[in-house]
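K.L.:
Residue numbering for the sequence shown follows my numbering, starting at 462 and increasing by one per position. Got a structure here, written out as C-alpha cells. Questions coming.
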Amino acid sequence: MSSLSGKRVLLVIAGGIAAFKAAELIRLLRRAGCGVTCVLTENGGQFVTPLTLQALSETKVYSELFSLTDESEMGHIQLSRAADLLVVAPATANILAKMAHGIADDLASTVLLATDKPVLVAPAMNVRMWLHPATQANFSLLRGRGILAVGPNEGAMACNEFGPGRMAEPAEILAAIESVLSAPKPLAGKHVIVTSGPTHEPIDPVRYIANRSSGRQGHSIAAALAELGARVTLVSGPVSVPDPAGVAVRRIESAAEMLAACQAALPADAAVFAAAVADWRVANAAGGKIKKQPGTAAPALELVPNPDILATIAAPGPARPRLVVGFAAETDDLLANAQSKLKRKNADWIVANDVSAETGIMGGAENEISLISAAGVETWPRLDKQEVARRLAARISEALT
Ligand code: C5P
C-alpha cells in the first residue's frame, strides 16, 4: 500500500504555464490513493479549467473566496483543516511574494495564510523572475519559516529561455509529498534553539579574533531536528556552509550578539549549544583601523571574558529550556573536563569531542563524540557529522516526548 493512501492534499494551482502539469500530479496522487482538493487562482484558471481538475480529482474545485456556496459548504479554514499537506504547484513569483508578506487577497492566498499544516511549494517561473533578488529574498524568507520546496529545475522553458525556474516534474513532486507525509514528526510543536559556528570578536573595524569552527556539526543538528518536525532557531556565527532547509537562521558575529539572539528566541523546549564561542573579547577594540606606525610598539590587546551563553541559558529559572545540551571541545582530559562542565554550566547533557589537530574533527566532516549526562558516559564510534546529528536529534526527541 502506498504511504499516501488515505492522506489528503490541498493542491493550490497558481497562474503559470506549468499549471498544465498539475493535471498529471493529480492523476499520480489519486493513483497512490491520496485525496486531492484543488484551489485554483484566477490566473491559474487561464491555463487549466476547473472542469479538468474536477474530473481528475473527483472533487469540487474551489476558486472564489466570497462565493456563498463555497463558504457555507467549506470555508477557507475548513479547507486547510481537512488536508494533511498543502502543495502549491505551480508556485509563481506572485504567490510566493504573497505568502512571504502575508497578503490574503483571494482564496488561495487566504488558505495559505490561515493554515497550520505543512506547505510544500514547487516554484515555476521565467529564469529572470526566479533569479530576481525579490523572489530570492521571498523564497529564503519562506524556507526560513519552514515552508518546504521541490525544485525549481534547470532546463528549457516555455518562454524559449534556459535556466533555473522550470517546475519540478509531477513524479518529483509526488516523491517530495511522499517523503513529507510518510516521515515521522515526533518533534512537531517543539521549539529548539541551536547555536553553530565560530564567533568573531572585533579588534578594530577590519580585524577580529576567530576560531576554526566550520558550523558543520551545529548546522547538521539544526537540519536533523527540523526533519523530525521541530521548529528550529539556528543562531549562527559567520560560516560558509549553507542554511539548512526549514530552519529560521539568526546571523550574528560576536558572543554578545549570540547571547542576545538566543535570549530573544526563548522560550524553547530545548537548546543545543554547538557553537565554538570565543571565551574572550577585546576590551580595547578600536573604533577606527589600527595603523601600523614605524618605530612604535605592536598594539597590546586587552582581553576580557565573554558571557557564557550555555551557562546563562541553562541557569535555573522559568525560561530555562527543559533540555540544555552543551558541547565540550577539548584537547586534554576530555571526559574529566566534560563532566565538570556538565555540573558547572548546569547542562543536562554534554557532547564531548577531542579537537586535537590530529583528529581532524574541528572543521572536518567527521566527529567522534561521548554523550555525558547524569546517567553516565556513552561513547559513539567515529561518524559523519550528519549521522552524529541524526542520532543526537533522535535522543533529543526521546527526551522531549
Ligand atoms: O567552557 P567551554 O567553552 O569549553 O564550553 C563549551 C560549551 O559552552 C559549548 O557548548 C559552547 O557552545 C558553550 N559556550 C558558550 N558561551 C561561551 C563559551 C562556551 O555558550 N562564552
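From the three backbone atoms N, C-alpha and C, an ideal C-beta is built for every residue, glycine too.
(1) Does the region 678 to 691 come into contact with the region 849 to 860, if we say contact requires no fewer than three beta-carbon pairs (one atom in each stretch) closer than 8 Å?
(2) Are V500 and L490 touching if we call contact CB-CB under 8 Å?
(3) Just tell me which of G605, W810 and R469 has its CA closest to the CA of D545.
(4) Which one of K651, T757 and S801 has the shortest CA to CA distance from P782?
(5) Is I770 near the ligand C5P, going by C-beta to nearest heavy atom under 7 Å?
(6) Confirm the yes/no value for this check: CB of D740, any heavy atom of the ligand C5P, distance under 7 Å.
(7) The ligand C5P and N587: does the residue's C-beta get closer than 7 Å to at least one heavy atom of that ligand?
(8) Using three-state DSSP, classify F508 as helix, strand or coil.
(9) Name the residue from L514, N555 and I538 whose alpha carbon lies nearest to the alpha carbon of G476.
(10) Would you call the region 638 to 650 and the region 690 to 700 touching, i.e. three or more CB-CB distances under 8 Å?
(11) Residues in its own chain within less than 8 Å of A751 by CB, not counting five upstream and five downstream?
(12) For R805, is the classification buried or exposed, using 16 other Cβ atoms within 10 angstroms of its Cβ as the cut-off for buried?
(13) To the nearest angstrom, how far is it from the Cα of P579 to the Cα of A617?
(14) Report the option in A736, A632 and A709 whose CA atom is closest to the CA atom of A716.
(15) What are the partner residues of S834, as DSSP defines its beta bridges?
(16) Pull up the CB-CB distance for L592 and L526, whole angstroms please, since I reckon it's below 8 Å.
(17) Which parts of the region 770 to 810 are runs of the alpha helix (DSSP H), unbroken and 4 residues or longer, counting only runs that do not cross its ends?
(18) Indicate, with yes or no, if the ligand C5P has a heavy atom lying under 7 Å from the CB of N767.
(19) Quick check on this structure: which residue in L472, V548 and A585 has the alpha carbon closest to the alpha carbon of Q515?
(20) Under DSSP, the alpha helix (DSSP H) around P584 begins and ends at which residues?
(21) Figure out for me which residue from M586, N599 and C620 has the closest Cα to the Cα of G626.
(22) Taking Cβ to Cβ, would you say F508 is nearer than 8 Å to I478?
(23) Tell me whether S801 is buried or exposed, calling it buried when 16 or more other Cβ atoms sit within 10 Å of its Cβ.
(24) Tell me which same chain residues have a C-beta within less than 8 Å of the C-beta of L529, skipping the five on either side of it?
(25) Per DSSP, G616 is paired with what?
(26) Just curious, the alpha helix (DSSP H) that R851 is in, first and last residue?
(27) Would DSSP call L529 helix, strand or coil?
(28) Return the Cβ separation of P703 and L695 in integer angstroms, given the expectation that the two are a contact with Cβ distance under 8 Å.
(29) Please indicate yes or no: does the CB of G787 lie closer than 7 Å to some heavy atom of the ligand C5P?
(30) Check whether the Cβ of G792 sits closer than 7 Å to any heavy atom of the ligand C5P, and report yes or no.
(31) When burial is assigned at 16 or more other CB atoms within 10 Å of the CB, is K482 buried or exposed?
P.N.:
So, to answer that:
(1) Because the criterion of three Cβ pairs below 8 Å is met, the region 678 to 691 and the region 849 to 860 touch.
(2) Not closer than 8 Å, so no.
(3) Taking only the C-alpha atoms, the option nearest D545 is R469.
(4) Of the candidates K651, T757 and S801, the one whose C-alpha sits nearest the C-alpha of P782 is K651.
(5) In this structure, I770 has its CB closer than 7 Å to one or more heavy atoms of the ligand C5P.
(6) Within the chosen limit of 7 Å, the ligand C5P reaches the beta carbon of D740 through at least one heavy atom.
(7) Result no, Cβ not under 7 Å from the ligand C5P.
(8) Coil at F508, not helix or strand.
(9) Comparing Cα-Cα distances from G476 to each of L514, N555 and I538, the minimum goes to N555.
(10) The region 690 to 700 and the region 638 to 650 touch, with three or more beta-carbon pairs separated by less than 8 Å.
(11) The question names Ala, yet the displayed sequence has Ile at residue 751. Scanning its chain for C-beta atoms nearer than 8 Å, with the 5 sequence neighbours on each side dropped, one finds around I751 the residues I664, D665, R668 and P760, in chain order.
(12) That one is exposed.
(13) Between P579 and A617, the C-alpha separation is close to 30 Å.
(14) Nearest in C-alpha terms to A716, of all of A736, A632 and A709, is A736.
(15) For S834, DSSP records a beta bridge to W810 and G837.
(16) Not quite, the Cβ-Cβ distance comes to about 32 Å (not below 8 Å), so this is no contact.
(17) Restricting attention to alpha helix (DSSP H) runs no shorter than 4 residues, the region 770 to 810 encloses them at 770 to 775 and 795 to 805, ordered along the chain.
(18) Between the ligand C5P and N767, a heavy atom-to-CB distance of less than 7 Å is present.
(19) Out of L472, V548 and A585, the CA that lies nearest to the CA of Q515 is found in L472.
(20) Looking at the DSSP string, P584 is not in any alpha helix (DSSP H); the run it does join, the beta strand (DSSP E), is V580 to P584.
(21) Comparing Cα-Cα distances from G626 to each of M586, N599 and C620, the minimum goes to M586.
(22) Contact flag set, yes.
(23) Classification for S801: exposed.
(24) Residue confidence for L529 is low, a pLDDT of 47 falling below 50, so the modelled location carries little weight; the figure read from the coordinates is stated next. Taken in chain order, the list of residues that qualify is empty.
(25) Checking the DSSP bridge columns, you'll see G616 partnered with G624.
(26) Where R851 is concerned, the enclosing alpha helix (DSSP H) stretches over K846 to L861.
(27) Legend: pLDDT at L529 = 47, less than 50; position of this residue unreliable, value from coordinates given subsequently. In the three-state reduction of the DSSP assignment, L529 falls in the helix class, which pools H, G and I.
(28) Distance from P703 to L695 at the Cβ level is roughly 12 Å; contact not present, criterion being Cβ atoms closer than 8 Å.
(29) Under cutoff, so the answer is yes.
(30) Sequence inspection shows Thr at residue 792; the Gly mentioned does not correspond to that position. For T792, the CB stays at least 7 Å from every heavy atom of the ligand C5P.
(31) The residue in question, K482, is buried, as its Cβ has 16 or more Cβ neighbours within 10 Å.
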